[in-house]
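Numbering (mature numbering (1 follows the signal peptide of the UniProt record, and there is no 0)), first residue to last: -20 to -1, 1 to 422.
Note that beta-carbon positions come from the ideal geometry of N, C-alpha and C, so glycine has one too.
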């Protein structure tokens, strides 16, 4: 499912400078800017912290904190979720009434950074950095500066119908070449079925596939940006999926439609490259198939590789306007690293923690409802999470995502080239950066 990020044109120059500074642009920071030093103030002093979030049942998690910290109370305000929440945070910050704490998706964080809304937390959270996989920590960092603490991550993995694989004598693919051969085999042995579908409506899904291949869609170079959506890695992914669609070896219908739901439920589709949260989606869209699915690592581009990408996830940030930054940092670290908070977020909110310890805790000993035949599901997920690659998100993800939807849907409808779609996505993203006043380099 695609997202929209909103950023005012007036913030464009500030964006370029702020993110350039995050990556060592060369200018000395202003004395009033946060530069990674530990937040001033007593972390144990009384405080009232407002938290804008959409996380499921987060109020019950925060009750634990509030009971243990009667002088430091956190209140939840469900203003909105996802990108709408970010828009409201930007508006509130401009008016000077932003909350202390903000829940943000990873791809939205650059907008908050570039608009000067969130604090540099480098010094405040350095003591918990080792609690997270390096790739997860990288999702909240620009250069050597960190602007949020990872909360949940979504490493990609492959779900497949174990019963139908056995029925047709199919083997789980270990490489993408194997995956392509398997797609052809499915069409031969069961012409009414497809191995999977390519979704033109899910740029985040495609971004995760590109991450696995080693793509870097945005790179900050001093005070300039480069865009790499037409790089070798992404082009390889686009050509691969485009060939499968062109040969009718996989379906080309978008995900999360009534038709897709039915295909997942009745076995028309045998596999789904998804993320760790995919088991929960299956429970909603294909309830009749409980016990028929298994999960496996994503196919690799070469034998011996061990990598995956991310499809989703979020973090917790602290705003520049927060009156109690030291206390807020104390809470953010507790929320995202303490065993009791991690267990509560899993059991009450269904989140898959970014913190490594949370990925193997007692709350994840039982497999998902849809995969009772795979008791090792979460142990496997933790192994996969350790192999994930992310990349730096840029300041105009919304434009890139919209361009993806338009270009790939157009390619599917016209029979056009997926590599041309990638080039269109690249061109639209670069043009938007230039229109907003960024310096863009090749």
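{"Check": "Within 8 Å, strictly: CB atoms of residue 216 and residue 193", "Outcome": "yes"}
{"Check": "Beta-carbon proximity check, residue 295 vs residue 131, cutoff 8 Å", "Outcome": "yes"}
{"Check": "Local conformation of residue 353 per DSSP, three classes", "Outcome": "coil"}
{"Check": "Inter-residue spacing [alpha-carbon to alpha-carbon] between residue 99 and residue 288", "Outcome": "30 Å"}
{"Check": "C-alpha gap between residue 422 and residue 207, whole angstroms", "Outcome": "7 Å"}
{"Check": "Spatial neighbours of residue 411 in its chain, beta-carbon cut-off 7 Å, leaving aside the 5 residues before and after", "Outcome": "none"}
{"Check": "Rounded separation between residue 83 and residue 171 - CA only", "Outcome": "45 Å"}
{"Check": "Burial state of residue 104, where buried means 16 or more other Cβ atoms lie within 10 Å", "Outcome": "buried"}
{"Check": "Boundaries of the alpha helix (DSSP H) in which residue 212 is found, first to last residue", "Outcome": "212 to 226"}
{"Check": "Beta-carbon contacts of residue 37 that lie in its chain and below 6 Å, excluding the five residues immediately before and after", "Outcome": "328 and 329"}
{"Check": "Identity of the residue in 25, 33 and 24 nearest residue 298 by Cα", "Outcome": "33"}
{"Check": "Touch test, the region 243 to 260 against the region 121 to 137, Cβ-Cβ under 8 Å, three pairs minimum", "Outcome": "yes"}
{"Check": "First and last residue of the uninterrupted alpha helix (DSSP H) at residue 140", "Outcome": "First-last for residue 140: 129 to 141, but that is the beta strand (DSSP E), not the alpha helix (DSSP H)."}
{"Check": "Top-ranked residue by Cα proximity to residue 312, from 21, 386, 29 and 25", "Outcome": "29"}
{"Check": "Every unbroken alpha helix (DSSP H) inside the region 222 to 308 [4 residues or more]", "Outcome": "238 to 246 and 258 to 265"}
{"Check": "Residue range of the beta strand (DSSP E) that includes residue 55", "Outcome": "52 to 57"}
{"Check": "Backbone CA spacing between residue 163 and residue 352 [nearest angstrom]", "Outcome": "26 Å"}
{"Check": "8 Å Cβ cutoff met for residue 115 and residue 369", "Outcome": "yes"}
{"Check": "Segment contact flag, the region 150 to 168 with the region 264 to 281, C-beta cutoff 8 Å, min 3 pairs", "Outcome": "yes"}
{"Check": "Endpoints, the beta strand (DSSP E) within which residue 206 is located", "Outcome": "204 to 207"}
{"Check": "Residue 174, buried or exposed, once every other Cβ within 10 Å from all chains shown has been counted against 16", "Outcome": "buried"}
{"Check": "Same chain, Cβ closer than 6 Å to residue 182, neighbours up to 5 away in sequence not counted", "Outcome": "235"}
{"Check": "Residue 78 (DSSP reduced to helix, strand or coil)", "Outcome": "coil"}
{"Check": "Separation of residue 420 from residue 392, as counted between CA atoms", "Outcome": "30 Å"}
{"Check": "Extent of the continuous beta strand (DSSP E) to which residue 422 belongs", "Outcome": "That residue, residue 422, is in no beta strand (DSSP E); it is neither H nor E in DSSP."}
{"Check": "Span of the beta strand (DSSP E), counted from its first residue to its last, around residue 29", "Outcome": "27 to 32"}
{"Check": "Backbone CA spacing between residue 344 and residue 338 [nearest angstrom]", "Outcome": "8 Å"}
{"Check": "Bridge partners - residue 201, DSSP secondary structure assignment", "Outcome": "204"}
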